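See structure below.
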Amino acid sequence: MLHRILVPIASSNTVGKYLFREALDLAKATGANLRLLHVLSLDDKDTPGILSLMNTSESKKRWEEFEKPGLDLLKSFANEAIAAGVSTEYSQILGSPSRIICETAKTWEADLIIMGRRGISGLSELILGSVSNYVTHHAPCSILVVQSLTSAKSETFKESQLANTL
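The number in our numbering is simply the position in the sequence shown, starting from 1, with 14 added.
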């Protein structure tokens with residue numbers, strides 16, 4: 015039985031919205047609670063530099079601007095889930111997404127993690143790393159990996175092209 019579903023949300027794009035909708039539908043169907051998670055990664059290109067960690071009004075403003083989109087997204091999704099009758103909480107944490115997701119799942123005692131994947135593989139995955147791959151191997155609970163819509167559509171298109179040539 016599912017009681018607690020952890021949903022790491024990476025972005026507000028279509029994949030993030032799709033992932034949230036899938037998690038919300040499952041939570042409504044099972045009566046589970048949701049925990050929405052956004053991880054601020056130091057590896058992101060928009061991350062304020064290390065010098066901005068100094069305690070100045072300018073650096074505080076820069077960090078607030080950096081944190082705001084993720085928090086706004088989490089609040090929006092949480093409000094939608096609560097309006098749909100699903101008990102929901104959210105958090106935004108700075109750190110390594112792979113590790114933060116697994117640690118949060120452990121401390122929150124999640125029964126399931128529902129997460130997306132970017133659809134990279136091979137050399138790109140080796141160089142960039144794969145959050146979904148790490149979580150799959152280190153999480154303390156079950157994981158449902160939702161294929162990104164763009165990758166899924168691309169694969170379906172390739173399959174239909176292949177079928178047409180046969």
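Glycine included, C-beta positions come from ideal geometry on N, C-alpha and C.
Since this is a predicted model, take the numbers as computed values, not measurements.
When burial is assigned at 16 or more other CB atoms within 10 Å of the CB, is residue i buried or exposed?
i	result
Ile114	buried
Ser156	exposed
Met15	exposed
By DSSP, does residue i sit in helix, in strand, or in coil?
i	result
Leu16	coil
Ser73	helix
Val181	Outside the shown range of the chain, which is 15 to 180, sits residue 181, and nothing can be said about it.
Ser105	strand
Spatial neighbours of residue i within its chain, please: CB distance less than 6 angstroms, with the 5 preceding and 5 following residues excluded, ordered by chain position.
i	result
Phe91	Phe34 and Leu50
Glu103	Arg49
Ser55	Pro111
Ser144	none
Lys89	none
Pro154	Ala119 and Lys120
In terms of residues, what are the limits of the beta strand (DSSP E) holding residue i?
i	result
Gly130	Leu126 to Arg131
Val53	Asn47 to Leu54
In chain order, what residues of the same chain lie with their CB nearer than 7 angstroms to the CB of residue i, ignoring the 5 residues before and after it?
i	result
His17	Ala46, Asn47 and Asp125
Tell me where the alpha helix (DSSP H) around residue i begins and ends.
i	result
Glu117	Pro111 to Trp122
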